[in-house]
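Trainee: Heads up: the sequence shown is residues -19 to -1, 1 to 288, going by mature numbering (1 follows the signal peptide of the UniProt record, and there is no 0).
Yeah, the Cβ is synthetic: ideal placement off N, Cα and C, and Gly gets one too.
The model shown is predicted, which means the values in this text are computed figures rather than measured ones.
Take this structure first; my questions come after.
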Amino acid sequence: MTLAAIVAAVVLLLPCATGYPWAFCGENNNFKANSSYQSHLSLVAATLPKNASTSPDLFATAVVGTIPRQLWAMGLCRGDVDGTACFNCLTQAFRDLPNHCSYNKDATMYYDPCMLHYSNNQLIPDDDSGDFYTINSTAAVNSDPVGFNRLVAALVNATADYAAHKSTRRFATGETTAGSVSEEFPKLYSLAQCTPDMKAARCRECLAALISQSLDAFQNLTLGRVLWINCTYRYEAAPFFNGPAMVQIAVPSSSVPVPAPAPTLAPAIQPSYGTPAAVAGVGESQSTVHISSYLKVPDSGMLGSKF
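Written out as structure tokens, the structure reads:
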């Protein structure tokens, strides 16, 4: 599975990531003021937030107009938010668009609770094209990095498995349990999600591709996140989701480093389901965060810089 990614990268310093949109605009594809495309966008803005927020999957699509002036839009909210939060987030996304992607026919807005995408080209769940973006902190684990990276790979893969195969919303959250947390390793929290119109196998393939192509960039780091239209995953050393975790990973303490498994393979660490502990609250890492388009290139030590 191949994901096309742009080479130019952007670095953003976020004083507080919660509530801040990550906006990505298409290039050289604009519409004019008072055009039919703008009318289509206004119509979608008036209907999509309600349709998504009242859907059992917190997901909706819309198609307005005819080719070549057709507009296709998609709104998706995180599976752990309620309808009100979903509606408010997507409504805010449409309000923020003029400040980020004014008169652009192709735009994507990512927030913590939701994602909005619209374009004059329709996306389908089996489409592998498009850009994806990585976010990481600068905070790193220095003690037993091999063991830590193994733990991260196991956690995000188990969370991806649950999202694909055990959730009709194609959504899951996870955490490491007390048995896997030590003075060397912080407690970790995870999330994985696909658009609910994906079949289970396709969702898992999508997440496996993101994990395999991005996890190397997160080596030893306590925060990693990948944004893509069709699927997304993240992990952090601070709680960020609502409600109890759906997946738990416990790793027996060991002083002997164990080689990290390939991210796309089933983890050697076995997750437990159905007995999660309540999450203390919703938070966001306050460390410096880098966001960039991600390209699998030889390591130059310049993640987040322009290539």
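Going by DSSP in three states, Cys70 sits in which element: helix, strand or coil?
Mentor: To locate residue 70, count along the sequence shown from 1; it is residue 89. Helix, per DSSP.
Trainee: Could you pull out every residue in the same chain whose Cβ sits closer than 6 Å to the Cβ of His21, ignoring the five residues on either side in sequence?
Mentor: Stepping through the sequence shown from its first residue, residue 21 is reached at position 40. The residues are Val45, Gly46, Leu52.
Trainee: Spell out the partners DSSP gives Tyr170 in its beta bridges.
Mentor: To locate residue 170, count along the sequence shown from 1; it is residue 189. Answer by DSSP bridge pairing, in chain order: Glu156, Glu217.
Trainee: With 8 Å as the threshold, decide whether the Cβ of Tyr18 is near any Cβ in chain D.
Mentor: Absent from the structure is chain D; it holds one protein chain and no more.
Trainee: First and last residue of the beta strand (DSSP E) that includes Ala43?
Mentor: Residue mapping note: residue 43 aligns to position 62 of the sequence shown, counting from 1. Residues 40 to 45.
Trainee: Based on the DSSP secondary-structure assignment, which residues constitute the bridge partners of Ile192?
Mentor: Against the sequence shown, residue 192 aligns to sequence position 211. Answer is none; Ile192 lacks a bridge partner.
Trainee: Measure the alpha-carbon distance for Pro49 versus Asn101 and round it to whole angstroms.
Mentor: Position 68 of the sequence shown, counting from 1, holds the residue named residue 49. Position 120 of the sequence shown, counting from 1, holds the residue named residue 101. When rounded, the distance between both Cα atoms is 8 Å.
Trainee: With 16 as the cutoff for other CB atoms within 10 Å, does Pro2 come out buried or exposed?
Mentor: Reading the sequence shown from its first residue, position 21 is the one you call residue 2. Answer is buried; the Cβ neighbour count reaches 16.
Trainee: Go to Val127, then tell me how far its alpha helix (DSSP H) extends in each direction, as first and last residue.
Mentor: Your numbering for residue 127 matches position 146 in the sequence shown. Note, Val127: alpha helix (DSSP H), 126 to 146.
Trainee: Looking at the strands, I want to know which residues DSSP matches up with Arg206.
Mentor: Locating residue 206 in the sequence shown gives position 225, where the first residue counts as 1. Partner(s): Ile116, Arg215.
Trainee: By the three-class DSSP mapping on this structure, what secondary structure does Gly56 have?
Mentor: Numbered from its first residue, the sequence shown carries residue 56 at position 75. Here Gly56 sits in strand by DSSP.
Trainee: Note down, in chain order, each residue of its chain lying with its Cβ closer than 6 Å to the Cβ of Arg215, except the 5 sequence neighbours on either side.
Mentor: Counting from one through the sequence shown, the residue named residue 215 turns up at place 234. For Arg215, where only same-chain residues beyond five positions count, the Cβ hits under 6 Å are Leu172, Arg206.
Trainee: Given a cut-off of 8 Å, decide if Gly155 and Met55 are closer than it, judged by their beta-carbon atoms.
Mentor: The residue labelled residue 55 in the question sits at position 74 within the sequence shown. The residue labelled residue 155 in the question sits at position 174 within the sequence shown. Not a contact, by the Cβ cut-off of 8 Å.
Trainee: Give the DSSP-derived three-state secondary structure of Asn32 in the structure shown.
Mentor: Stepping through the sequence shown from its first residue, residue 32 is reached at position 51. In this structure, Asn32 counts as helix in the three-state DSSP scheme.
Trainee: Tell me the DSSP bridge mates of Asn123?
Mentor: As a first step, residue 123 is located in the sequence shown; it is residue number 142 there, counting from the start. In the DSSP output, where bridge partners are listed per residue, Asn123 has none listed.
Trainee: Out of Cys95, Ala43, Ala88, which has the shortest C-alpha to C-alpha gap to Thr65?
Mentor: Here residue 65 refers to the residue found at position 84 of the sequence shown. Cα-wise, what sits closest to Thr65 is Cys95.
Trainee: According to DSSP, is Ala182 helix, strand or coil?
Mentor: Taking the first residue of the sequence shown as 1, we reach residue 182 at position 201. Ala182 falls in the helix class under three-state DSSP.
Trainee: Cutting at 6 Å between CB atoms, please list the residues of its own chain near Gly60, excluding the five before and the five after it.
Mentor: Counting from 1 along the sequence shown, the entry for residue 60 is found at position 79. So the list reads Arg150, Phe152, once near-sequence residues are dropped.
Trainee: Rounded to the nearest angstrom, how far is the Cβ of Phe199 from that of Asn117, given a contact under 8 Å?
Mentor: Reading the sequence shown from its first residue, position 218 is the one you call residue 199. Reading the sequence shown from its first residue, position 136 is the one you call residue 117. Right, their Cβ atoms sit about 6 Å apart.
Trainee: What do you get for Ala261, buried or exposed, if any count of 16 or more other CB atoms within 10 angstroms of its CB means buried?
Mentor: Numbered from 1 along the sequence shown, position 280 holds the residue referred to as residue 261. Bear in mind that the predicted position of Ala261 carries a pLDDT of just 25, short of 50, making it unreliable; the figure below should be weighed with that in mind. So Ala261 counts as exposed.
Trainee: Roughly how many whole angstroms lie between the Cα atoms of residue 304 and Arg185?
Mentor: Beyond the ends of the chain as shown, which are -19 and 288, falls residue 304; an answer cannot be given.
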